[in-house]
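Each residue of the sequence shown is one higher than the one before, starting from 1 at the first, in full-length UniProt numbering.
Beta carbons: idealized from backbone N, C-alpha and C, even for Gly.
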Amino acid sequence: MHRFNMSISLKLIVFKLFHKSKEEFERKFFQLDSLFVQSEGGWKWIGDEGLNFSVKGLRRLIQEAAGSVADWKYRRWKGVPGKVNLLAWRVLLDRIPSKIQLQKRNVPLVDLWCPFCGDAEETSEHIFSGCSFSCYVWSVIEQWVKAPPFLFFSVKDILEDDKDPRKGSKVEQARKVVVLSCVWCLWLERNRIVFKSCLSSRERVLREVKMWSFLWFKFRCNFPLVKWEDWVAFNL
Ligand SMILES: [Zn+2]
1 MHRFNMSISL KLIVFKLFHK SKEEFERKFF QLDSLFVQSE GGWKWIGDEG LNFSVKGLRR
61 LIQEAAGSVA DWKYRRWKGV PGKVNLLAWR VLLDRIPSKI QLQKRNVPLV DLWCPFCGDA
121 EETSEHIFSG CSFSCYVWSV IEQWVKAPPF LFFSVKDILE DDKDPRKGSK VEQARKVVVL
181 SCVWCLWLER NRIVFKSCLS SRERVLREVK MWSFLWFKFR CNFPLVKWED WVAFNL
């Protein structure tokens with residue numbers, strides 16, 4: 001069916017990015033086809049300056065194809081508090097007061113560096129999807145919730161979801177609560193460092209994600225019988 005052999009990992013990335021529908025996936029899949037040329041018995045990537053495939057190049061092309069951030073959708077959900085929905089929505093729209101956003105509004109700042117890693121300027125994209133600190137947290141969480149590896153290039157990949165969470169299975173709802181809790185707790189931790197000069201702690205973030213997601217899953221998603229010990233083992 002497909003005209004060339006994309007590597008399994010690249011297929012997984014493409015599928016994750018365009019998982020909205022089978023038709024959408026196939027349309028995008030064939031768009032990507034044009035980014036490769038056959039050369040010396042193999043396929044070469046032509047999406048970037050050179051002929052070497054790069055995730056950065058793929059990401060740039062996908063983001064260009066995906067349109068502006070304002071087109072991204074966020075579905076408000078009562079499974080988490082309104083403040084968490086609001087944060088997630090603002091993150092998607094790049095409307096949180098990150099240092100780069102504050103600089104655009106002429107707010108005087110000591111520096112523009114990410115308070116977690118100090119290796120990059122602080123944007124909402126970086127805090128939630130690019131930073132080594134948050135990537136570590138996501139990697140632990142994906143193992144905890146027994147999910148396939150999270151493949152994401154941006155906060156959009158993390159937060160945007162066309163599925164109505166209310167119609168999801170118990171496990172799907174639980175994972176959704178965990179993802180939103182993680183965004184919430186990363187932002188809390190960021191604010192602790194910036195405003196209270198605390199040292200960052202991945203363990204604290206992970207502890208808080210488990211605690212808040214448990215409470216919200218139990219009481220807001222209406223699964224009152226779930227027990228803490230089952231939650232921490234993610235046996236649902
Ligand atoms: Zn960082």
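Please report the straight-line C-alpha distance between residue i and residue j, rounded to a whole angstrom.
{"i": "Lys104", "j": "Thr123", "result": "11 Å"}
{"i": "Arg207", "j": "Val110", "result": "30 Å"}
{"i": "Ile96", "j": "Val140", "result": "25 Å"}
{"i": "Ser213", "j": "Trp113", "result": "29 Å"}
{"i": "Arg76", "j": "Lys163", "result": "11 Å"}
{"i": "Tyr136", "j": "Phe223", "result": "29 Å"}
{"i": "Lys167", "j": "Gln101", "result": "35 Å"}
{"i": "Asp94", "j": "Val205", "result": "22 Å"}
{"i": "Glu26", "j": "Ser169", "result": "Legend: pLDDT at Glu26 = 49, less than 50; position of this residue unreliable, value from coordinates given subsequently. In a straight line, the C-alpha of Glu26 is about 26 Å away from that of Ser169."}
{"i": "Ser197", "j": "Ala120", "result": "19 Å"}
{"i": "Val226", "j": "Lys78", "result": "18 Å"}
{"i": "Cys221", "j": "Glu142", "result": "20 Å"}
{"i": "residue 250", "j": "Trp228", "result": "A question about residue 250 goes unanswered here, because the residues of the chain that appear run from 1 up to 236."}
{"i": "Ser200", "j": "Trp138", "result": "15 Å"}
{"i": "Asn106", "j": "Val84", "result": "27 Å"}
In three-state DSSP terms, what is residue i?
{"i": "Trp113", "result": "strand"}
{"i": "Phe25", "result": "Any reading at Phe25 must be qualified, since the residue scores a pLDDT of 49, below 50, and its modelled position is unreliable; the value itself is stated next. If DSSP states are grouped into helix, strand and coil, Phe25 belongs with the helices."}
{"i": "Cys182", "result": "helix"}
{"i": "Glu121", "result": "strand"}
{"i": "Arg75", "result": "coil"}
{"i": "Phe234", "result": "coil"}
{"i": "Asn85", "result": "helix"}
{"i": "Lys156", "result": "helix"}
{"i": "Ser98", "result": "coil"}
{"i": "Phe128", "result": "helix"}
{"i": "Lys218", "result": "helix"}
By alpha-carbon positions, which one of the options ends up nearest to residue i?
{"i": "Phe133", "options": "Arg76, Leu215, Cys185 and Lys176", "result": "Cys185"}
{"i": "Ile127", "options": "Val183, Val171, Trp216 and Leu225", "result": "Val183"}
{"i": "Phe116", "options": "Ala147, Trp228 and Ser129", "result": "Ser129"}
{"i": "Lys99", "options": "Glu203, Arg204, Asp230 and Arg190", "result": "Arg190"}
{"i": "Val80", "options": "Gly118, Leu236 and Met211", "result": "Met211"}
{"i": "Arg90", "options": "Ser201, Glu125, Ser200 and Pro148", "result": "Glu125"}
{"i": "Asp230", "options": "Asp119, Val171 and Lys83", "result": "Val171"}
{"i": "Cys131", "options": "Arg202, Gln143 and Cys221", "result": "Arg202"}
{"i": "Val194", "options": "Gly118, Asn106 and Trp138", "result": "Gly118"}
Given a cut-off of 8 Å, decide if residue j and residue i are closer than it, judged by their beta-carbon atoms.
{"i": "Val209", "j": "Val178", "result": "yes"}
{"i": "Pro165", "j": "Lys176", "result": "yes"}
{"i": "Leu87", "j": "Trp187", "result": "yes"}
{"i": "Leu92", "j": "Leu180", "result": "no"}
{"i": "Phe219", "j": "Val145", "result": "no"}
{"i": "Ala147", "j": "Leu236", "result": "no"}
Are any of the Cβ atoms in chain C nearer than 8 Å to that of residue i?
{"i": "Ser139", "result": "This model lacks chain C altogether; it includes just one protein chain."}
Could you tell me which whole alpha helix (DSSP H) segments of length 4 or greater appear in the region 162–212? 170–196
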